[in-house]
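Enquirer: Here it is, the structure, as structure tokens.
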Amino acid sequence: MVMVTQAWRQSDNARSFVRALEAMGYVLATGKRPYVLVDMYGMMNALPKMIDDRSVRTNDIRAFLERDFPAEQLPRVEEARALAADLRKAREQFAKAQGQAEAVARLEAMQQRRRAELLAAQEQQRTRHRQERAELERERLAARRAQKAGYLAQVKAVRAARLEARPRGLAAFLGRVTGVSLVIGKLHRHRDARAWRAFAADRQALALAQKQAALSLQRRQEVQGLDAARQLKALGKVEVRERQALEVRRVREQRIIGRSGHDRMPSLTLELKPKGRSASVRRAKDRYRDRSGSEEREEGRGRRSPRGKTRYAEKGTRPAAGVAGRGPARGALEQASRSCRGFCARSG
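Every number in our numbering is 23 more than the matching position in the sequence shown, counting from 1.
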């Protein structure tokens, strides 16, 4: 508002005034009112309200602009908003291409370092998993070999003991004749079969235990791998949000620069309520108007007086202090009411 007022005061003709508005980022358009301003963000305000000068009337602005810029030749508000949007987009793209390169480079370098650390940790995890699987396989093979070697050693010892206890000479002949050797042979075969069944059961139990251990290791490694993949996916989302936040910050800074250092456009709404009170629905010109009816009664008495004065004025006396709407307080209220009416008439 201040810059528009300054441009109005410093412009000698309508063309220089419109060029000054364009330099400030405003587009002169027409809508429900003949002359309105549309800023770069699509906000529309009436031109008379943007000029903070009570001596400037709407008719003065219209007479100043209508020769070089007739209202019927100006773009509509929707067209001006589209033009402002295109201009804003072009400026943002130019700023995106020219500025913030260093910030983007720093962000990308930080993201690459963080991603490289996570990828290195995942590679170390995969290497550790391979080592654990290889170690488990070595342990399984060693356990099977040890079990087999124990069984073979037991068989060899039994065979050696039987060979040592085998009868010779006449005892061997009598054993064959009497059938004792046949019975002893069947007993040995029964014992050998029982030892083999025990070895097979132990081998099956060992295989089952090793299979369960392998499944447990596989499940644990799968969970760790899924957690690493989740971390990598979450990192990708974080990187996207970081780039979006950088872009939002860049656009916000660019717009702040476009607003000459202000973090928002100046508000044109007249704040008529003090802080901490509820909103007032009365108009500004009625804020100081006496609604008790005393003003109307005084005006009626003034019209009945032959000289247009109240009877208190004719006598030169002062009204009683208890009478509402009379005395210096009423004069102050009437003066404030007239000032507000004049302000609203000039603003309208």
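From the three backbone atoms N, C-alpha and C, an ideal C-beta is built for every residue, glycine too.
Treat the numbers as computed from the prediction; the structure is a model and nothing was measured.
1) To the nearest angstrom, how far is the alpha carbon of Val25 from that of Gln123?
2) Could you say if the segment 53 to 65 and the segment 93 to 109 meet the contact criterion of at least three C-beta pairs nearer than 8 Å?
3) List, from N- to C-terminal side, the alpha helix (DSSP H) runs of 4 residues or more that fit wholly inside the segment 155 to 221.
4) Is it a yes or a no for the segment 238 to 258 touching the segment 147 to 155, going by three-plus beta-carbon pairs under 8 Å?
5) Look up Val100 in the DSSP assignment and say whether it is helix, strand or coil.
6) Would Ala43 and Leu88 be called neighbours here (beta carbons separated by less than 7 Å)?
7) Do Ile74 and Val41 count as a contact pair if the criterion is CB distance below 7 Å?
8) What residue does the alpha helix (DSSP H) around Asn36 start on, and which one ends it?
9) Buried or exposed for Ile279, going by 16 or more other Cβ atoms inside 10 Å?
10) Closest to Tyr64 by C-alpha separation, out of Gly208, Asp109, Ala30, Leu193, would be which residue?
11) Does DSSP classify Met47 as helix, strand or coil?
12) Using the C-alpha atoms, what's the distance from Glu187 back to Arg214?
13) Let me check understanding here. Comparing Cα to Cα, which of Glu125, Glu155, Arg32, Arg212 lies closest to Ala237?
14) Out of curiosity, what's the CA-to-CA distance linking Lys179 and Gly173?
15) Hey, would you say Glu276 sits closer than 7 Å to Gln134, going by beta carbons?
Expert: Answer, in terms of the structure:
1) Looking at the two C-alpha atoms, the distance is approximately 31 Å.
2) Short answer: they touch.
3) With a minimum length of 4 residues, the unbroken runs of alpha helix (DSSP H) contained wholly in the segment 155 to 221 fall at 193 to 201.
4) The segment 147 to 155 and the segment 238 to 258 touch, with three or more beta-carbon pairs separated by less than 8 Å.
5) In the structure shown, Val100 sits in a helix (DSSP, three-state: H, G or I).
6) Contact check for Ala43 against Leu88 fails: the beta carbons are separated by 7 Å or more.
7) In this structure, the beta-carbon distance from Val41 to Ile74 does not fall below 7 Å.
8) For Asn36, no alpha helix (DSSP H) encloses it, and the DSSP letter there is neither H nor E.
9) By the 10 Å Cβ count, Ile279 comes out exposed.
10) If we check each option's Cα against that of Tyr64, Asp109 comes out closest.
11) Coil, per DSSP.
12) The straight-line gap from Cα to Cα measures roughly 17 Å.
13) Ranking Glu125, Glu155, Arg32, Arg212 by CA distance to the CA of Ala237 puts Glu155 first.
14) Their backbone Cα atoms lie some 10 Å apart in a straight line.
15) Their beta carbons are not under 7 Å apart, which means Glu276 does not touch Gln134 by this criterion.
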